[in-house]
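Down below is the structure, laid out as C-alpha cells.
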Amino acid sequence: MPDAAPKAALCVRNLRKAYKDVVAVDGLELEVRWGECFGLLGPNGAGKTTTIEICEGLTVADSGDVEVLGMRWNADAKELRQRLGIQLQETQLSEKLTVVETVRLFRSFFRRGPAAAEVIALVQLGEKGKSRVGSLSGGQKQRLALACALVGDPDFLFLDEPTTGLDPQARRQLWELIEQFKLAGRTILMTTHYMDEAERLCDRVAIMDHGKAIAAGTPRELIASIAAEQMVEFSAGGAAQALDVAALGRIEGVREVRAENGSVRMQVTELHQAVPALLDELDRQGVPLTELRTHSASLEDVFVILTGRHLRDE
Amino acid sequence: MSSTRWADYPLAQLTLVRFREFWREPEAIFWVFVFPILLAAGLGLAFRNRPPEVIGIAAVTPELARPLRQEKLLDVEQLSAPAAEEALRTGKVALLVAPSPGGAVVYRYDDTNPEGRTVRMLADRAIQRAAGRADPVPSSDRLMREPGSRYIDFLIPGLLGMNLMGSAMWGLGFAIVDARRKKLMKRLISTPMPRHDYLLSFVLARLLLLVVEVGALLGFGVWVFQVPVRGSMLDLVVLCVLGSLAFSALGLLVASRAQTIEAASGLMNTVMMPMWIVSGVFFSAQRFPGALQPAIRALPLTALIDALRAHMLQGAGLAQVAPQLGVLGVWLVVSFTLALKLFRWR
Chain L
1 MPDAAPKAAL CVRNLRKAYK DVVAVDGLEL EVRWGECFGL LGPNGAGKTT
51 TIEICEGLTV ADSGDVEVLG MRWNADAKEL RQRLGIQLQE TQLSEKLTVV
101 ETVRLFRSFF RRGPAAAEVI ALVQLGEKGK SRVGSLSGGQ KQRLALACAL
151 VGDPDFLFLD EPTTGLDPQA RRQLWELIEQ FKLAGRTILM TTHYMDEAER
201 LCDRVAIMDH GKAIAAGTPR ELIASIAAEQ MVEFSAGGAA QALDVAALGR
251 IEGVREVRAE NGSVRMQVTE LHQAVPALLD ELDRQGVPLT ELRTHSASLE
301 DVFVILTGRH LRDE
Chain U
315 MSSTRWADYP LAQLTLVRFR EFWREPEAIF WVFVFPILLA AGLGLAFRNR
365 PPEVIGIAAV TPELARPLRQ EKLLDVEQLS APAAEEALRT GKVALLVAPS
415 PGGAVVYRYD DTNPEGRTVR MLADRAIQRA AGRADPVPSS DRLMREPGSR
465 YIDFLIPGLL GMNLMGSAMW GLGFAIVDAR RKKLMKRLIS TPMPRHDYLL
515 SFVLARLLLL VVEVGALLGF GVWVFQVPVR GSMLDLVVLC VLGSLAFSAL
565 GLLVASRAQT IEAASGLMNT VMMPMWIVSG VFFSAQRFPG ALQPAIRALP
615 LTALIDALRA HMLQGAGLAQ VAPQLGVLGV WLVVSFTLAL KLFRWR
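So the protein lines, in turn, are chains L and U. Going by the numbering used here, the letters in the first sequence line up with residues 1 to 314, in that order. Going by the numbering used here, the letters in the second sequence line up with residues 315 to 660, in that order.
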C-alpha cells in the first residue's frame with residue numbers, strides 16, 4: 001500500500017488505440033479503486049486485452065492517460081514493474097524447466113517477495129515442484145502462471161482471461177486462489193468473457209464492446225439496471241402460422257420481447273403472472289410450445305440487452 | 315531476503331535456464347557434440363593416408379614376368395595373351411607387357427589414366443635394370459607423411475569453424491524466436507527483468523558451452539588422428555571466443571524480427587548455406603575463381619577457418635591472423651548494432 005495514496009489504483013482517461021485496420025480501444029474511461037477486484041467483460045475483440053496490456057505497459061496507447069498506483073509508464077516504468085503482478089493470455093512457459101526452476105527464475109527479477117517454495121505451496125503445486133512444466137495439466141499450468149505473477153508480492157494483479165480453456169473444477173480452484181488474494185486486500189484487474197466468473201469474483205465490472213465501456217458498476221447494479229428480475233426463453237416449433245410477437249409484449253409484467261432463430265427471449269418482472277399468461281397466449285395463437293426456460297437475470301442478459309448480441313457469438 | 319546468493323541474480327537464473335534447456339534437449343546435444351565428431355571420424359577414415367598402392371600388371375611370358383617381379387610396387391600376373399587382353403580391357407590390370415620381335419618389349423596401357431602412365435615407367439625401369447642399365451645419377455627417397463599435411467589436418471579446423479557457426483547461430487536464434495513465438499519473451503519483459511541480462515545470458519551460456527564443444531572436437535582430432543595444434547592455447551581461445559561472438563551477433567540479427575521458427579530457419583539456412591560451401595570447410599576456398607576471392611574472404615566463416623588453420627597447422631600467432639580477426643570483429647560490431655536496432659521484444 002502506498003503512503004500518499006492516490007484516490008484510485010488505476011485511472012484510465014479517454015484511452016485510444018488503433019491498429020492498422022481496426023480501432024481496438026475507442027475513448028475508454030475506467031477507474032479501479034484500491035483493494036477491489038475489477039472485471040473487464042466483453043466478447044472477443046471488444047478491446048479487453050489491448051486495454052489491459054496498455055495498463056500493463058506492454059502496449060503504447062495512441063492517446064489518453066493511464067495512471068497505475070499513482071504512477072505513469074513513461075516516467076516510472078522500473079518501479080511499476082516491481083509492483084505489478086501480471087498474467088498474460090496464452091504465455092507458454094518453458095516446458096523443459098521444472099515448476100521450482102520457473103518460479104525461482106521469476107522470483108530473481110523482483111526486489112522483494114515470498115520465497116519460491118512459499119508461492120508454489122500457495123497455488124497448491126507443492127507436490128509438482130520437481131515436475132517439468134510440459135507435464136502439467138492446463139489448470140496446473142495456469143496456477144503456475146499465477147504463481148509467477150504473485151512472486152513479486154504485487155500491490156496490483158492483472159489477469160487476462162485467467163480461466164479460459166479450463167475445465168470447471170480447475171476454474172473453481174483458480175477462483176479460490178484469486179479470492180484469497182482479494183482477501184489480502186490487493187487490487188485486481190481482470191478480463192473475462194465468462195459472466196459467472198465476473199459475478200463471483202468481481203466487486204465491480206465494466207462491460208466493453210467495440211473498444212468502449214458501455215456500462216459499469218457492481219454486478220448487482222448492472223442487473224438491476226435492466227429492471228427485470230427474470231428471463232423467460234421459449235421455443236415454439238412447427239407452428240401453422242407465424243408467432244405474433246407483438247401480442248406477447250402486451251402481457252402484464254413483460255418488459256421486452258426479442259425473437260431470434262426460432263427462440264424467444266423475454267424480460268419479465270413478475271414471473272408467477274407472466275408465465276401462465278404466456279401459456280394462455282400461445283394456446284390462443286395455436287402455437288405449440290417445445291421448450292420453456294426461466295432464470296434470474298444475469299450479466300449475460302445485461303450484455304444481450306445492451307448490445308443485442310451474445311457474449312460468445314463469433 | 316537480505317543476503318543475496320549468486321544464484322538469486324537474474325543473470326545467473328537466466329543463464330541456468332539456457333543450460334537446462336540445452337541439456338534437456340537430446341537432439342541439441344547430438345548436433346552440437348556428437349555429429350561433428352562422427353563427421354570427422356567418417357571423413358578421416360575415408361581420406362586416411364593409405365600405404366602406397368600396389369598396381370596390377372600382366373606379363374605374357376615368364377621371361378618378362380621375372381624381372382618385373384623385382385619391383386615392389388608392381389603386382390605381376392603371368393597370363394596367356396587372350397587372358398591378358400581381357401584383364402586389361404576390364405581394368406583388372408593397368409598394363410600389359412608383351413614381347414615383340416627382335417627382343418623388344420611392347421607396353422599396352424591407357425595413357426589418359428595416370429595410373430597407367432606411372433606403372434609403365436615402373437615396369438620399364440624394372441626391365442631396363444634387369445637387362446643391365448645402370449643409372450648415371452644415384453638417387454634415394456625420403457618419405458614425408460607427417461601430421462599437418464593430411465586431409466584430416468585440413469578438415470578438423472574446418473569442422474571446428476562450422477560447428478562454432480552452427481551452434482552460435484542456432485543456439486541464439488532458435489531460442490529467441492521460440493520465446494517470442496510462445497509469448498514467453500513478452501511475459502519476461504512484463505517483469506522487472508533487466509533486458510540486457512536476458513541477452514547476456516545467451517552469450518554467457520554460449521561461452522561456457524564453447525569450452526565443452528571445442529574441447530570435444532579438438533580432443534578427438536588430437537587423440538585419434540594426432541592433428542597438430544601448433545599455436546598457443548591462449549590464442550586458440552581468443553579465436554574461438556571471437557568467432558563464437560561474431561556468429562552469436564549474426565544469430566541475434568537473424569532472430570531480431572522473425573516471429574516463427576519457420577521464418578527463422580529459412581533465414582538461418584540462407585545465411586549459413588553459402589558459407590558451408592565457399593568458406594573452405596571441406597575443401598580449400600582457393601578453388602573458387604579469383605574474382606570471387608575478396609568476397610569469400612570477407613565472410614566470417616572463411617575468416618575464422620583460415621585463422622584456425624593458420625594457428626593449428628602453421629602455428630601462427632594472433633598478429634599473423636590480424637586480417638581475419640579484423641573481419642570477425644567487423645561482423646561482430648555491425649551485426650550486434652543492427653540487431654539491437656531491429657530487435658523486437660514481443
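Glycine residues also receive a C-beta, built at the ideal position from the N, C-alpha and C atoms.
{"Item": "Where DSSP assigns a beta bridge to D65 of chain L, which residues make up the other side?", "Value": "L:R13"}
{"Item": "According to the Cβ coordinates, are L10 of chain L and L189 of chain L closer than 9 angstroms?", "Value": "yes"}
{"Item": "When the Cα of Q285 of chain L is compared with those of L:V245, L:E79, L:G185, which residue comes out closest?", "Value": "L:V245"}
{"Item": "For E29 of chain L versus A213 of chain L, is the C-beta spacing smaller than 9 angstroms?", "Value": "yes"}
{"Item": "List the residues of chain U that L88 of chain L touches, going by C-beta distances under 8 angstroms, in chain order.", "Value": "K497, K500, R501, S504"}
{"Item": "Where does P154 of chain L fall in DSSP's three states?", "Value": "coil"}
{"Item": "Can you tell which of L:G126, L:A115, L:R265, L:M231 has the C-alpha that lies nearest to the C-alpha of V151 of chain L?", "Value": "L:A115"}
{"Item": "To be precise: take each residue of the stretch 334-366 of chain U, compare its Cβ to all Cβ atoms of chain L, and keep it if any distance is under 8 angstroms. Which residues remain?", "Value": "R334, E335, R338, E339"}
{"Item": "Using a Cβ-Cβ cut-off of less than 7 angstroms, list which residues of the stretch 65-84 of chain L approach chain U; keep chain order.", "Value": "K78, R81, Q82"}
{"Item": "Does DSSP put P413 of chain U in a helix, a strand or coil?", "Value": "strand"}
{"Item": "For I86 of chain L, collect the residues of the same chain with a Cβ closer than 7 angstroms to its Cβ; drop the 5 residues on either side in sequence, then sort them by chain order.", "Value": "E56, A149, F158"}
{"Item": "With contact counted as at least three CB pairs below 8 angstroms, one residue from each stretch, are the stretch 162-181 of chain L and the stretch 257-275 of chain L in contact?", "Value": "no"}
{"Item": "Taking only the alpha-carbon atoms, compute the straight-line gap between V644 of chain U and R544 of chain U and give it to the nearest angstrom.", "Value": "27 angstroms"}
{"Item": "Less than 6 angstroms between C-beta atoms, sequence neighbours within five positions excluded: which residues of the same chain meet that for Q92 of chain L?", "Value": "none"}
{"Item": "Could you check whether the Cβ of R660 of chain U sits closer than 9 angstroms to any Cβ belonging to chain L?", "Value": "yes"}
{"Item": "Excluding sequence positions up to five away, which residues of its chain have a Cβ less than 8 angstroms from the Cβ of M208 of chain L?", "Value": "L28, L40, L41, G42, A46, G47, K48, T51, I214"}
{"Item": "For A444 of chain U and A360 of chain U, what's the separation of their Cα atoms in angstroms?", "Value": "38 angstroms"}
{"Item": "Taking the beta carbon of E527 of chain U as the centre, do at least 16 other beta carbons fall within 10 Å, making it buried, or is it exposed?", "Value": "buried"}
{"Item": "Would DSSP call C37 of chain L helix, strand or coil?", "Value": "strand"}
{"Item": "In the structure shown, what three-state DSSP assignment does I178 of chain L receive?", "Value": "helix"}
{"Item": "So for A630 of chain U, helix, strand or coil by DSSP?", "Value": "coil"}
{"Item": "Under the rule that 16 or more other beta-carbon atoms within 10 Å means buried, what is R520 of chain U, buried or exposed?", "Value": "buried"}
{"Item": "Around the C-beta of G315 of chain L, are 16 or more other C-beta atoms found within 10 angstroms, so that it is buried, or is it exposed?", "Value": "The requested residue 315 of chain L is not part of the displayed model; chain L covers only 1 to 314."}
{"Item": "So, does the CB of Q573 of chain U fall closer than 9 angstroms to a CB anywhere in chain L?", "Value": "no"}
{"Item": "In this structure, does DSSP put D425 of chain U in helix, strand or coil?", "Value": "coil"}
{"Item": "Assuming S579 of chain U is part of the alpha helix (DSSP H), what are its boundary residues?", "Value": "575-592"}
{"Item": "Sorted by chain position, which residues of the same chain lie with C-beta nearer than 6 angstroms to L243 of chain L's C-beta, five sequence neighbours on each side aside?", "Value": "A236, V287"}
{"Item": "Could you work out which residues of chain U lie near Q92 of chain L, taking near to mean beta carbons separated by less than 8 angstroms?", "Value": "K496, K497, L498"}
{"Item": "Can you pull the chain L neighbours of V331 of chain U, defined as C-beta to C-beta under 8 angstroms?", "Value": "S94, L97, E101, L105"}
{"Item": "I'd like to know if the stretch 565-575 of chain U and the stretch 588-603 of chain U are in contact, where contact means that at least 3 CB-CB pairs between them fall below 8 angstroms.", "Value": "no"}
{"Item": "By the 10 Å Cβ neighbour count, where 16 or more other Cβ atoms means buried, how is E260 of chain L classified, buried or exposed?", "Value": "exposed"}
{"Item": "Taking C-beta to C-beta, are R315 of chain L and G113 of chain L nearer than 9 angstroms?", "Value": "No answer is possible for residue 315 of chain L: it lies beyond the span of chain L, which begins at 1 and ends at 314."}
{"Item": "Counting only the same chain and skipping the five closest in sequence on each side, list residues whose C-beta sits under 7 angstroms from that of L328 of chain U.", "Value": "D511, Y512, S515"}
{"Item": "Taking only three categories from DSSP, how would you classify A170 of chain L?", "Value": "helix"}
{"Item": "So, for P2 of chain L: in the same chain, excluding its five sequence neighbours on each side, which residues have a beta-carbon less than 7 angstroms away from its beta-carbon?", "Value": "Model confidence at P2 of chain L stands at a pLDDT of 48, short of 50, so the residue's coordinates are unreliable; what they give is reported in the following sentence. Excluding positions up to five away in sequence, the list reads L69, G70."}
{"Item": "So the candidates are U:P376, U:L478, U:Q384, U:V407; which of them puts its Cα closest to the Cα of L346 of chain U?", "Value": "Correcting the residue identity first, residue 346 of chain U is Val in this sequence and not Leu. Of U:P376, U:L478, U:Q384, U:V407, the residue nearest in Cα terms is U:L478."}
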